[in-house]
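One structure is given here, and the rest of the page talks about it.
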Amino acid sequence: MNRLHSFAFNAFSEQTYLLDHGNGEATVFDPGMSTALEREEFEGICGKLGVVVVQCLLTHAHLDHVMGANWIKQRYGCGPRLHPTDEQTWEQAPLSAKLYGISLDTLPDRGEDLGKHGSGIACGNMELEIRCAPGHSIGHVVFVCHSLKFVVGGDVLFSGSIGRTDLPGGDPDVLAKSIEEQLYSLSDDYTIHPGHGGSTTIGKERSSNPFVNGLGTGMLQR
Ligand SMILES: [Zn+2]
Ligand SMILES: [Zn+2]
626 MNRLHSFAFN AFSEQTYLLD HGNGEATVFD PGMSTALERE EFEGICGKLG
676 VVVVQCLLTH AHLDHVMGAN WIKQRYGCGP RLHPTDEQTW EQAPLSAKLY
726 GISLDTLPDR GEDLGKHGSG IACGNMELEI RCAPGHSIGH VVFVCHSLKF
776 VVGGDVLFSG SIGRTDLPGG DPDVLAKSIE EQLYSLSDDY TIHPGHGGST
826 TIGKERSSNP FVNGLGTGML QR
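Be aware that the sequence shown starts at 626, since it is given in the working numbering, and climbs by one per residue.
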């Protein structure tokens with residue numbers, strides 16, 4: 626049974642994910658729905674699955690990952706939960722919207738801060754492990770589900786690529802270390818669901834990612 630559903634939303638083609646808890650409830654990750662049409666699409670899938678969103682989790686607070694945060698709060702009552710080290714990214718989101726000339730709803734009050742590296746977070750009877758993986762943003766985290774062997778990975782590692790490091794708080798050496806230590810420490814059969822583009826596996830990226838791979842020959846490694 627497919628528990629994780631994906632959507633490509635907003636001008637940045639950001640991947641929003643919906644995790645069906647299997648009990649009528651669900652968690653949304655990185656809500657990027659920015660138009661009435663995208664919000665209708667999201668509601669339609671929730672209706673089809675028979676789930677209500679009870680939790681909103683952020684991998685990080687870049688503009689493209691929070692464009693639907695206000696709407697989720699109003700529609701379902703849950704404020705986005707962010708790792709506190711990404712606070713400055715959150716605060717910069719309205720400014721970057723202005724720079725891009727993109728409208729952004731007022732950011733809502735956040736939910737409880739995410740716990741520390743290695744702590745667990747419940748999604749119904751599933752548990753996700755929070756791993757800090759900075760380098761793309763300063764307080765970026767990934768969510769690892771060991772029982773179903775998947776990662777909601779945000780903008781750390783993409784299929785054949787990696788997150789950009791030229792935004793405030795970005796650092797290429799830190800990003801390479803995060804990928805090696807927090808993602809490549811998982812077994813090959815874990816699927817990564819990234820913040821942009823299609824899903825991939827740890828095995829595929831470890832063997833062939835041109836930027837950071839298991840051989841240490843990537844462009845970002847030395
Ligand atoms: Zn980002
Ligand atoms: Zn992004």
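Note that the Cβ used here is the ideal one computed from N, Cα and C, for glycine as well.
Sheet register partners of residue i (DSSP bridge)
i: S812; result: The partner list for S812 (beta bridge, DSSP) is empty, contrary to what the question assumes.
i: D645; result: A651
i: T826; result: T816
i: I755; result: F768
i: C681; result: V653
i: I670; result: In DSSP, I670 forms no bridge with anything.
i: E639; result: F634 and H821
Status (buried if at least 16 other CB within 10 Å, exposed otherwise) for residue i
i: L683; result: buried
i: L764; result: Correcting the residue identity first, residue 764 is Gly in this sequence and not Leu. Looking at its Cβ environment, which holds 16 or more other Cβ atoms inside 10 Å, G764 is buried.
i: G841; result: exposed
Host beta strand (DSSP E) of residue i (start-end)
i: T652; result: E650 to F654
i: G778; result: F775 to G779
i: G745; result: G745 to C748
i: H690; result: That residue, H690, is in no beta strand (DSSP E); its alpha helix (DSSP H) goes L688 to V691.
Inter-residue CB distance, residue i and residue j (contact presumed, cutoff 8 Å)
i: F637; j: D689; result: 4 Å
i: P719; j: N695; result: About 11 Å; that fails the 8 Å criterion.
i: G828; j: F836; result: With a Cβ gap of about 16 Å, G828 and F836 do not count as contacting.
i: V776; j: L808; result: 7 Å
i: E754; j: G745; result: 6 Å
Where the alpha helix (DSSP H) through residue i begins and ends
i: S721; result: E712 to Y725
i: Q699; result: A694 to Y701
Minimum Cβ-Cβ distance from residue i to chain D less than 8 Å
i: S631; result: The chain inventory of the structure shown lacks chain D, comprising one protein chain alone.
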